[in-house]
Amino acid sequence: MTAPTLPPDARTTLESEGWLFIRQFLDGDTVKGLVRASEALESSATTLVRDTVMLGVGFEVQSATGRRGEPAVMPGALRKISFPSKGQPAFANLRRDRGVLSALAQLGLDAPKCLVDQVNFKLPRLGTGFPFHQDAHFVIGKTRGRPAARTRADWWSFPTIPSR
């Protein structure tokens, strides 16, 4: 992947909003690989009814209230997969991708010490959305106060939901 062209106000937006949306940041083949990797992880969690960690990958289920730690609204209803890079090379490759690292450097994150990756799901008519929150609460030790980068893939999929 070649380094993406960032909008002129990218760093200002990131600093003021805490996030940045960049269209066509990844090429089509990379996106297809990430979708396949997401589907593979999702298929390994079809029976989950509670938040679970498997081989370092965290699976958070969608509860009726949206609160963590509560039972899933149905088996396999996922809200989030944390650290998919520990289970799928397509996600792990993003951590070393020259284009991603170049974009981070353009944003002032030329040596991030903490990289967090996750896939967020939002099942239709189930649970709640993602309220505003700060994600730095998990940063501890030597990485606290240093630049951090987060990659996030939000797939708004619309599977067939059984009637109640």
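For the sequence shown, our numbering gives the first residue as 5, with consecutive numbering after it. Cβ atoms here follow ideal geometry from the backbone N, Cα and C, with glycine treated the same way.
**Report entry** C-alpha distance - phenylalanine 95 paired with leucine 30, whole-angstrom precision
**Finding:** 12 Å
Query raised in the report: Can at least three beta-carbon pairs, one atom from the stretch 98-114 and one from the stretch 70-84, be found at a separation below 8 Å?
Result: no
Query - As assigned by DSSP and simplified to three states, the class of aspartate 33 - result: helix
Query raised in the report: Based on the DSSP secondary-structure assignment, which residues constitute the bridge partners of valine 53?
Result: DSSP lists no partner for valine 53.
**Report entry** Backbone secondary structure at valine 77 - three-state DSSP
**Finding:** coil
Requested in this report: For serine 47, I'd like the list of residues in its chain whose CB is within less than 7 Å of its CB, leaving aside the five on either flank, ordered along the chain.
Outcome: none
**Report entry** Euclidean distance between Cα positions of arginine 4 and threonine 50
**Finding:** An answer regarding residue 4 cannot be provided, because it is not within the stretch 5 to 168 covered by the chain.
Query raised in the report: In three-state DSSP terms, what is glycine 62?
Result: strand
Query raised in the report: According to DSSP, which residues form a beta bridge with serine 86?
Result: Gly62, Gln122
Query raised in the report: Hey, how far is the Cα of valine 53 from the Cα of glycine 60?
Result: 18 Å
Query raised in the report: How is the alpha helix (DSSP H) around glutamine 110 delimited, first residue to last?
Result: 102-110
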